[in-house]
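Numbering (the UniProt record's numbering), first residue to last: 1 to 409.
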């Protein structure tokens, strides 16, 4: 990047933006100039580039990578382990071309390595959930769900629901051992998640996670859900618990159905882990202009409350949300890209194609909200003393007083 110019970050959607060290990393995703073809020089040029956002400089920069990047550029699943970013599955961007390859980006060398090729042993799909987990001293990648094509191999413990457009929703689950490079098909106990895609999944602890929302099947059509699941992972078993209405307290709120939303786990010295959910689309493809906070998710005493954030933040879908701990009492919520409107276009033959409107306003492309935990007896806003405060109370005030908006244009 030239010292005389500032790199211009452009519209992006259906991506992930994980953090390693002091930077956010963004690869792939849908973009206005991405060709809707299987492969081309222009597509390779875009997929061979990784953009990073430095928290110290508040600037984006672009980096060329080495090796061969994946072609599943849309709706891939992504997670980090040490200095590596793992990418699994994804949609190619044309027709029903889905992938199930597993690739890793080494952020120290900015080089790609394929760990497992695209093959027929597992379902090819996009909108999968993936987390890095650890148990009994071994590190794993856990994959669940997704939308794709009819698999050559169906595993009997999972469901494969076909939609009227012949695509398939699944709750298929996989474990990938990072030590020996082997996939295994785990057993499932409890109240397993339905075949779902376009949900969010987050890690609560080393072997425990939470799954929320997404798209499920109803009479051959995709419909939204507001299901909340907690799961525990061991070396060969995934145990699921479906939270029922009434098990989440707080303001009498039960979250509404949504998909293509974004979520992140907040960890702080003053609080137990909490889940923040922003945006998405509802059951009529309307924007879900809200921010939700699920608190006490490690204790089983769940609560859910709305946090007032402006529509410039919440009015989006296909975006990424990353929580970054800046200090023991300060967390940044980083919201990147997304779309702001979904329309359906008749392309003939009774077929409708979704048309997504990218967010292009530079004031909205990259936004950061700073959340500060205030200890009891500390002074805060107009010399008010905060006592026995909850995370959601801090968020409500900080959303109004401590906004940090990063303009990259």
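We put the CB at the ideal spot given by N, CA and C, even for glycine.
Short Cβ contact (8 Å threshold) for residue i with residue j
{"i": "residue 241", "j": "residue 259", "result": "no"}
{"i": "residue 411", "j": "residue 163", "result": "An answer regarding residue 411 cannot be provided, because it is not within the stretch 1 to 409 covered by the chain."}
{"i": "residue 153", "j": "residue 171", "result": "no"}
{"i": "residue 127", "j": "residue 146", "result": "yes"}
{"i": "residue 193", "j": "residue 211", "result": "yes"}
{"i": "residue 247", "j": "residue 294", "result": "no"}
{"i": "residue 26", "j": "residue 324", "result": "no"}
{"i": "residue 30", "j": "residue 74", "result": "yes"}
{"i": "residue 133", "j": "residue 206", "result": "yes"}
{"i": "residue 55", "j": "residue 23", "result": "yes"}
{"i": "residue 307", "j": "residue 204", "result": "no"}
{"i": "residue 45", "j": "residue 34", "result": "no"}
{"i": "residue 115", "j": "residue 190", "result": "no"}
{"i": "residue 234", "j": "residue 135", "result": "yes"}
{"i": "residue 63", "j": "residue 123", "result": "no"}
{"i": "residue 327", "j": "residue 364", "result": "no"}
{"i": "residue 299", "j": "residue 272", "result": "yes"}
{"i": "residue 84", "j": "residue 138", "result": "no"}
{"i": "residue 361", "j": "residue 352", "result": "no"}
Per-residue burial, residue i [other beta carbons within 10 Å of its own, 16 or more giving buried]
{"i": "residue 12", "result": "buried"}
{"i": "residue 355", "result": "exposed"}
{"i": "residue 279", "result": "buried"}
{"i": "residue 416", "result": "Since the first and last residues shown for the chain are 1 and 409, residue 416 lies out of range."}
{"i": "residue 195", "result": "buried"}
{"i": "residue 244", "result": "exposed"}
{"i": "residue 371", "result": "buried"}
{"i": "residue 91", "result": "buried"}
{"i": "residue 384", "result": "In this prediction, residue 384 scores a pLDDT of 31, lower than 50, which makes its location untrustworthy; no coordinate-derived value is stated."}
{"i": "residue 348", "result": "exposed"}
{"i": "residue 165", "result": "exposed"}
{"i": "residue 38", "result": "exposed"}
{"i": "residue 377", "result": "The predicted model places residue 377 with a pLDDT of 27, which falls under 50 and marks its position as unreliable; any figure quoted below should be read in that light. Counting Cβ neighbours within 10 Å, residue 377 comes out exposed, since fewer than 16 surround it."}
{"i": "residue 236", "result": "exposed"}
{"i": "residue 6", "result": "exposed"}
{"i": "residue 36", "result": "exposed"}
Minimum C-alpha distance to residue i - residue among the options
{"i": "residue 281", "options": "291, 30, 83, 273", "result": "291"}
{"i": "residue 231", "options": "96, 53, 201, 253", "result": "201"}
{"i": "residue 225", "options": "180, 198, 43, 177", "result": "198"}
{"i": "residue 367", "options": "102, 190, 310, 328", "result": "310"}
{"i": "residue 80", "options": "322, 56, 365", "result": "322"}
{"i": "residue 256", "options": "273, 217, 213", "result": "213"}
{"i": "residue 87", "options": "37, 149, 28", "result": "28"}
{"i": "residue 167", "options": "178, 151, 181, 177", "result": "151"}
{"i": "residue 186", "options": "174, 41, 253, 63", "result": "174"}
{"i": "residue 48", "options": "69, 41, 40", "result": "69"}
{"i": "residue 422", "options": "284, 320, 158, 141", "result": "Since the displayed the chain opens at 1 and closes at 409, residue 422 lies outside it and no answer follows."}
{"i": "residue 319", "options": "50, 17, 8", "result": "17"}
{"i": "residue 98", "options": "169, 365, 239", "result": "169"}
{"i": "residue 53", "options": "10, 95, 32", "result": "10"}
{"i": "residue 334", "options": "58, 50, 5, 32", "result": "58"}
{"i": "residue 304", "options": "50, 188, 285, 254", "result": "254"}
{"i": "residue 215", "options": "183, 285, 156", "result": "285"}
Residue i - containing alpha helix (DSSP H), residue span
{"i": "residue 452", "result": "Absent from the structure is residue 452, since the part of the chain shown begins at 1 and ends at 409."}
{"i": "residue 12", "result": "Per DSSP, residue 12 belongs to no alpha helix (DSSP H) and is neither H nor E."}
{"i": "residue 41", "result": "41-47"}
{"i": "residue 224", "result": "No alpha helix (DSSP H) holds residue 224; the beta strand (DSSP E) holding it covers 221-224."}
{"i": "residue 364", "result": "362-365"}
Contact with chain B by residue i, beta-carbon distance below 8 Å
{"i": "residue 237", "result": "Any reference to chain B falls outside this structure, which holds one protein chain only."}
Range of the contiguous beta strand (DSSP E) that encloses residue i
{"i": "residue 236", "result": "Where residue 236 is concerned, there is no enclosing beta strand (DSSP E), given that its DSSP letter is neither H nor E."}
{"i": "residue 130", "result": "129-135"}
{"i": "residue 173", "result": "168-177"}
{"i": "residue 116", "result": "111-116"}
{"i": "residue 190", "result": "187-190"}
{"i": "residue 199", "result": "No beta strand (DSSP E) contains residue 199, which DSSP labels as neither H nor E."}
{"i": "residue 358", "result": "351-358"}
{"i": "residue 492", "result": "Nothing can be reported for residue 492: it is not among the residues displayed for the chain, which extend from 1 to 409."}
{"i": "residue 326", "result": "320-327"}
{"i": "residue 496", "result": "This structure cannot settle anything about residue 496, because the visible part of the chain is limited to 1 through 409."}
{"i": "residue 341", "result": "339-348"}
{"i": "residue 297", "result": "It is not in any beta strand (DSSP E) - residue 297 carries neither H nor E in the DSSP assignment."}
{"i": "residue 104", "result": "98-106"}
{"i": "residue 77", "result": "77-81"}
{"i": "residue 23", "result": "23-27"}
{"i": "residue 90", "result": "84-91"}
Integer-rounded CB distance, given that residue j should sit under 8 Å from residue i
{"i": "residue 266", "j": "residue 276", "result": "6 Å"}
{"i": "residue 359", "j": "residue 339", "result": "6 Å"}
{"i": "residue 67", "j": "residue 89", "result": "That pair is no contact at about 19 Å."}
{"i": "residue 112", "j": "residue 105", "result": "6 Å"}
{"i": "residue 223", "j": "residue 283", "result": "7 Å"}
{"i": "residue 287", "j": "residue 315", "result": "5 Å"}
{"i": "residue 107", "j": "residue 20", "result": "5 Å"}
{"i": "residue 159", "j": "residue 188", "result": "In fact, because the Cβ distance is near 11 Å, the residues do not count as touching under 8 Å."}
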